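Asks: Please see the structure below; I have some questions.
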Amino acid sequence: MARTREFDDNAVLDAATDRFWRQGYAATSVRDLGEAMGLVPASLYNAFGSKHALFALCLDRYLDRNMRERIERLEAKQPPRVAIETFLNEIVARSLADPRGCLLVNSALEVAPHDAEIGAVIAARLAELEAFFHRCVIAGQRDGSITAAPSARDLARLLLTTVMGLRVLSRARPEPALLRGAARQALTLLDPPACTN
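The sequence shown begins at 2 in the numbering used here and counts up one residue at a time.
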């Protein structure tokens with residue numbers, strides 16, 4: 002008979018995510034994780050298998066809560082151009098509010114180059130974000146709110162690059178004018194050409 006877990010999964014995963022987020026994967030030891038989660042190493046291994054498996058679970062959970070839920074919310078409730086603007090504005094706000102940066106970007110820089118499994122997770126999630134932008138751009142080109150000049154694919158890639166750039170830049174220069182200005186400039190590239198009569 003399997004033993005019932007004597008801890009709250011959400012609470013311990015939140016604690017582990019925060020520790021990985023603050024310290025990075027390599028600098029976070031199993032002892033650090035156990036301390037943060039309130040678990041002895043044996044319990045941690047029994048519940049999650051390994052530090053690597055725990056990190057993968059924390060990253061996936063973070064991305065579901067922070068990226069996938071935002072995409073679903075914006076696509077369901079806002080016109081395409083507004084959804085893109087809101088997404089970028091929320092990224093700027095989060096970047097300014099949280100000195101830890103973005104766990105996805107932190108992991109892409111630290112872990113992905115040396116870990117094919119985590120690299121594949123990150124690549125797949127970045128592809129989801131690009132696909133969200135691509136759908137919005139296509140819909141915006143159809144309704145006239147986004148320029149039809151560059152291809153939808155190129156604009157989606159530009160928006161993905163903008164998000165990643167904002168997140169990286171915010172770690173070194175968390176300046177509101179800088180980040181808001183960069184986001185604003187990226188959005189101007191979506192503007193349809195002005196009508197001249």
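The beta carbon of each residue, even a glycine, is placed where N, CA and C say it ideally should be.
Computed from a predicted structure; not experimentally measured.
Gly145: which of Pro194, Ser108, Arg172 and Ser171 sits nearest, CA to CA?
Replies: Translated into positions along the sequence shown, residue 145 becomes position 144. Measuring from the Cα of Gly145, the nearest candidate turns out to be Pro194.
Asks: Helix, strand or coil for Ser51 per DSSP?
Replies: The residue you call residue 51 lines up with position 50 of the sequence shown. Coil.
Asks: For Ser152, which option in Asp65, Lys78 and Leu190 has the closest C-alpha, if you only look at C-alpha atoms?
Replies: Here residue 152 corresponds to residue number 151 of the sequence shown, with the count starting at 1. When only C-alpha atoms are compared, the closest one is Leu190.
Asks: Tell me whether the beta-carbon of Val138 lies closer than 9 Å to the beta-carbon of Leu89.
Replies: For this step, residue 138 is matched to residue 137 along the sequence shown. For this step, residue 89 is matched to residue 88 along the sequence shown. Taking 9 Å as the Cβ cut-off, Val138 and Leu89 do not qualify as a contacting pair.
Asks: Beta-carbon within less than 8 Å of Pro114's beta-carbon, same chain only, minus the 5 sequence neighbours each way: which residues are those?
Replies: Position 113 of the sequence shown, counted from the first residue, corresponds to residue 114. Same-chain partners within the cutoff: Gly120.
Asks: Using 8 Å as the threshold, is the segment 165-179 in touch with the segment 99-111, meaning 3 or more CB pairs across them?
Replies: Short answer: they touch.
Asks: Could you spell out where the alpha helix (DSSP H) holding Gly120 opens and where it closes?
Replies: Position 119 of the sequence shown holds residue 120. That run of the alpha helix (DSSP H) goes Ala117 to Asp144.
Asks: With DSSP as the reference, label Gly166 as helix, strand or coil.
Replies: Counted from its first residue, the sequence shown places residue 166 at position 165. DSSP places Gly166 in helix when its eight states are reduced to three.
Asks: My parser needs the alpha helix (DSSP H) runs of 4 or more residues fully inside the segment 18-67; what are they?
Replies: 31-38, 42-49 and 52-64
Asks: Can you give me the Cβ contacts of Ile147 inside the same chain, cut-off strictly under 6 Å, excluding the 5 residues immediately before and after it?
Replies: By 1-based counting over the sequence shown, the position of residue 147 is 146. Cβ within range, chain order: Arg82, Val138, Gly141 and Leu191.
Asks: Nearest-angstrom Cα distance between Pro175 and Ala77?
Replies: In the sequence shown, the residue the question calls residue 175 occupies position 174. In the sequence shown, the residue the question calls residue 77 occupies position 76. If you take the alpha carbons of Pro175 and Ala77, they lie about 30 Å apart.
Asks: Tell me the residue span of the alpha helix (DSSP H) that contains Ala195.
Replies: The sequence position of residue 195 within the sequence shown is 194, counting from 1. Careful: Ala195 lies outside any alpha helix (DSSP H) and carries neither H nor E.
Asks: Looking only at its own chain, which residues have a Cβ that is under 7 Å from the Cβ of Ala17, when we skip the five neighbours before and after it?
Replies: Numbered from its first residue, the sequence shown carries residue 17 at position 16. Answer for Ala17: Leu34, Ala37, Met38, Leu55 and Cys59, listed in chain order.
Asks: If contacts are defined as beta-carbon pairs under 8 Å, then Ser1 and Ser96 qualify, I think. What distance do you get, rounded to the angstrom?
Replies: Absent from the model: residue 1. The displayed extent of the chain is 2 to 198, so no value can be given.
Asks: Do you know how far the Cα of Val112 is from the Cα of Ala124?
Replies: Counting from 1 along the sequence shown, the entry for residue 124 is found at position 123. Counting from 1 along the sequence shown, the entry for residue 112 is found at position 111. Taking the straight line joining both Cα atoms gives about 12 Å.
Asks: Can you name the start and end residues of the alpha helix (DSSP H) that Phe88 belongs to?
Replies: Reading the sequence shown from its first residue, position 87 is the one you call residue 88. Where Phe88 is concerned, the enclosing alpha helix (DSSP H) stretches over Pro81 to Ala98.
Asks: Given this structure, state the Cα-to-Cα distance separating Glu73 from Asp10, to the nearest angstrom.
Replies: Position 72 of the sequence shown, counting from 1, holds the residue named residue 73. Position 9 of the sequence shown, counting from 1, holds the residue named residue 10. The straight-line gap from Cα to Cα measures roughly 25 Å.
Asks: Pull up the distance between the alpha-carbon of Ala84 and that of Arg62, whole angstroms please.
Replies: Within the sequence shown, numbered from 1, the residue matching residue 84 stands at position 83. Within the sequence shown, numbered from 1, the residue matching residue 62 stands at position 61. The straight-line gap from Cα to Cα measures roughly 23 Å.
Asks: Could you check which residue in Leu188, Ala184 and Phe21 has the C-alpha nearest to that of Arg101?
Replies: Here residue 101 corresponds to residue number 100 of the sequence shown, with the count starting at 1. Nearest option by C-alpha distance: Phe21.
Asks: What is the rounded straight-line gap between the Cα of Ser51 and the Cα of Ala43?
Replies: Position 50 of the sequence shown, counted from the first residue, corresponds to residue 51. Position 42 of the sequence shown, counted from the first residue, corresponds to residue 43. About 10 Å.
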